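K.L.:
Numbering (my numbering), first residue to last: 212 to 706. No residue lacks a Cβ here, since even glycine has one placed at the ideal position from N, Cα and C. Just so we're clear, the structure is a prediction, and the values are computed from it rather than from any experiment.
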C-alpha cells in the first residue's frame, strides 16, 4: 500500500459530522456494546489474573473455563432486593448512580479505534466523533462522574458513605490536576488536542541527526515523553479509585465507602462506571502514548497493518495490556494511608509535572529557534536540566528526612531511653492511670483507658418483669443480655 493510501485512511476533523443517521446509530450502539463487553471481560480477566498471582484457580464454574462468571454476577445483581435507607434523600439517591455512569459512556465517544473503513459502502472513521478539544472532553466527563459518587455518598444519609464521597472529591481534585498537566507535553509535541490528530502525529518517526549520525527516531510519545507517561499512569489509578489508591471505598476504614448503602441495580451502575472508566483511561493511554490504533513495530513494516479492520485488533491489545497493569497493581501493592496519598499527589506529582512542562517547552523552543539538531538539544539542554533536577530532588529528600536520620543516629548512639525502665503490663486501678512521673498524653504518653470502668447495662436488657396485675415483681431474676446468664437486682452494676 502506498504512503498516500495510508494518509487517506487517517481520519481528520473534516471526516466527522458527515455520516448518515444509520451509521451514527451503528456507532453509538457499537460503542455501548464495546464498553459493556469490555467490562464483562475486565472483571473475569481481573479475577483470573489475581488468582494466578496468588496461586489459585479463580472462577471456573460458569461457562467455558468460568468466562461467563461476570455475566452471571450482573444478572444476579439485577434480581437482588433493592434496599433504600430510611434517611436517604430519595431523588438524589436514585440519580447518583446514573450521573456516575453516563459520563463514563460519553467519554469514550472521542476515542479513535481505527482508520477510515467502509461500512455497507459508506466510508467512515472507526470513531464516533472528534473535536479540536477532544482530550478535554474526556477530562470533563471524568470530572463529571465524580459528582455521582459525591451525591451518592451524601444522599445515603449515613456517615461512612459521606466520608467516602468526600475522599473521592479531594482525590479527584488532586489527581485530575496531575493528569491534566501530564498531557500538556503531548499537546506541545502533537500541536493539537484532537485525539485523531494525536494518533496521526505518532504515525511516523522524525528524521534525527545526532552529531552527524542520521536515523529515524521513535514516534510513540511513551518513548519521547516518558515522564508524562509515568505521571499519567499514576494519576489515572487515583482518578479511577483503583488499588492501591482506592481510598473512597476502603473496606478496612469505611465499610464499603460511598456505595455502602446501595444494592441491586444501583450498585451495579457504580460497579459498571468504575470498570468503564478503567477501559476509557486505558484507551486514552493507548491513544496519547502508544500510537493509538497503529500497529507496533515490527508489525508496522507490513503495508496492510494500519488499514482496514486490522487496527481494531492492535488497539484492543494495547487496551488489554493497560488493564493488566491496573490488575497487576491491585494484586501487588498495599493500600496507602490517606495522608500519604494526598501528600504524594500535591508534593510530588504536581511539582514534577510543572517542571517537566518547562523542560519540554524549553527544548522545543531551542530546537525551533536555533540550528541545533534534536540530539544536540538533548545533550546541551536536556542533560544539564536533568542533572539540576536530580541534584535538587536529592537535596530536598535529604532535607525532608533530616529529623528522621538524626533520631536514628541518636538511637544508635544509645541516647534515646524508654520513659519507664520496667513498664507495667496493666496500669494501676483507680483514678491514677499512669505510672508516677510517666509522660502524660500531651507529652507523648500512650493514652490508656481506665481498667476499672463500669458500663451500665442496656435499658432494654434491664426491664423488670411485671405480674399479671401490672406490679413489678421484687427480687425477680431478669436477663443481663449474656447467653445463658442471669442476674438479680443486686448485680446491676456488674458487667
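Count the other CB atoms within 10 Å of the CB of residue 413; is the residue buried (16 or more) or exposed (fewer)?
P.N.:
Result: buried.
K.L.:
Is it buried or exposed, residue 544, if we count other Cβ atoms within 10 angstroms and call 16 or more buried?
P.N.:
By the neighbour-count rule (16 or more Cβ atoms within 10 Å), residue 544 is not buried but exposed.
K.L.:
For the pair the stretch 427-440 and the stretch 484-502, tell me if three or more CB-CB distances fall below 8 Å.
P.N.:
Segments in contact, yes.
K.L.:
Please classify residue 532 as buried or exposed, where buried requires at least 16 other C-beta atoms within 10 Å of its C-beta.
P.N.:
Residue 532 should be labelled exposed.
K.L.:
In chain order, what residues of the same chain have a beta carbon less than 6 Å from the beta carbon of residue 383, not counting five sequence neighbours either side?
P.N.:
Closer than 6 Å at the Cβ level, and outside the excluded window around residue 383, lie 357.
K.L.:
Apart from the five residues just before and just after residue 576, which ones in its own chain have a Cβ nearer than 6 Å to its Cβ?
P.N.:
If we look at residue 576 and ignore the five residues flanking it on each side, it has no Cβ neighbours.
K.L.:
Using only the alpha-carbon positions, how far apart do residue 580 and residue 602 sit?
P.N.:
When rounded, the distance between both Cα atoms is 28 Å.
K.L.:
In whole angstroms, give me the CA-to-CA distance for residue 529 and residue 286.
P.N.:
So the two alpha carbons sit approximately 29 Å from each other.
K.L.:
Quick test of the definition: if touching needs 3 or more C-beta pairs under 8 Å, does the stretch 220-227 touch the stretch 319-339?
P.N.:
Flag = yes, the stretch 220-227 and the stretch 319-339 touch.
K.L.:
Put residue 387 into one of helix, strand or coil per three-state DSSP.
P.N.:
Of the three classes helix, strand and coil, the one that applies to residue 387 here is helix, per DSSP.
K.L.:
Quick one: what's residue 325 bridged to in DSSP?
P.N.:
Partner(s): 337.
K.L.:
Below 8 Å on the Cβ atoms is my contact criterion, and I expect residue 458 with residue 555 to pass it. Report the Cβ-Cβ distance as a whole number of Å.
P.N.:
About 12 Å; that fails the 8 Å criterion.
K.L.:
Excluding the five sequence neighbours on either side, which residues of its own chain have a C-beta within less than 7 Å of the C-beta of residue 375, listed in chain order?
P.N.:
Closer than 7 Å at the Cβ level, and outside the excluded window around residue 375, lie 364, 459, 460, 465, 468, 469.
K.L.:
Return the residue from the list 238, 274, 242 that minimises the CA-CA distance to residue 712.
P.N.:
No answer is possible for residue 712: the residues shown for the chain start at 212 and end at 706.
K.L.:
Just to confirm the assignment, what range does the alpha helix (DSSP H) spanning residue 170 have?
P.N.:
The requested residue 170 does not occur in the structure, where the chain is confined to residues 212 to 706.
K.L.:
Please list, in chain order, all residues of the same chain as residue 397 whose beta carbon is under 7 Å from its beta carbon, the five residues on each side excluded.
P.N.:
The answer, listed in chain order, is 409, 432, 436, 439, 499.
K.L.:
How many Å lie between residue 653 and residue 300 at the Cα?
P.N.:
Reliability fails at residue 653, whose pLDDT of 44 lies under 50, so the model's placement of it is uncertain and no value is given.
K.L.:
For residue 656 and residue 549, what's the separation of their Cα atoms in angstroms?
P.N.:
Residue placement at residue 656 is flagged as unreliable, the pLDDT there being 47, under the threshold of 50; the coordinate-derived value follows with that caveat. The straight-line gap from Cα to Cα measures roughly 25 Å.
K.L.:
When you compare each of 570, 604, 425 to residue 594 by their alpha carbons, which one comes out closest?
P.N.:
Nearest of 570, 604, 425 to residue 594, Cα basis: 570.
K.L.:
Let me check one thing: in DSSP terms, what residues is residue 234 bridge-paired to?
P.N.:
The partner list for residue 234 (beta bridge, DSSP) is empty, contrary to what the question assumes.
K.L.:
For residue 558 versus residue 308, is the C-beta distance shorter than 8 Å?
P.N.:
Cβ distance not < 8 Å, so residue 558 and residue 308 don't count as in contact.
K.L.:
Report the option in 337, 305, 446, 280 whose CA atom is closest to the CA atom of residue 230.
P.N.:
Ranking the options by Cα distance to residue 230, first place goes to 337.
K.L.:
Using 8 Å as the Cβ pair cut-off and three pairs as the minimum, do the stretch 445-454 and the stretch 511-523 touch?
P.N.:
Not touching, per the Cβ criterion.
K.L.:
Check for me: the alpha helix (DSSP H) holding residue 535 runs from which residue to which?
P.N.:
It spans 521-543 - the alpha helix (DSSP H) in which residue 535 sits, taken as one unbroken run.
K.L.:
What is the rounded straight-line gap between the Cα of residue 385 and the Cα of residue 332?
P.N.:
When rounded, the distance between both Cα atoms is 47 Å.
K.L.:
Count the CB pairs spanning the stretch 336-353 and the stretch 225-243 that are closer than 8 Å, and state whether there are at least three.
P.N.:
Touching, yes, given that three or more Cβ pairs across the two stretches are closer than 8 Å.
K.L.:
Helix, strand or coil: which one does DSSP assign to residue 614?
P.N.:
Helix at residue 614.
K.L.:
By DSSP's criteria, residue 330 is part of a beta bridge. Which residues make up the other side?
P.N.:
In DSSP, residue 330 forms a bridge with 333.
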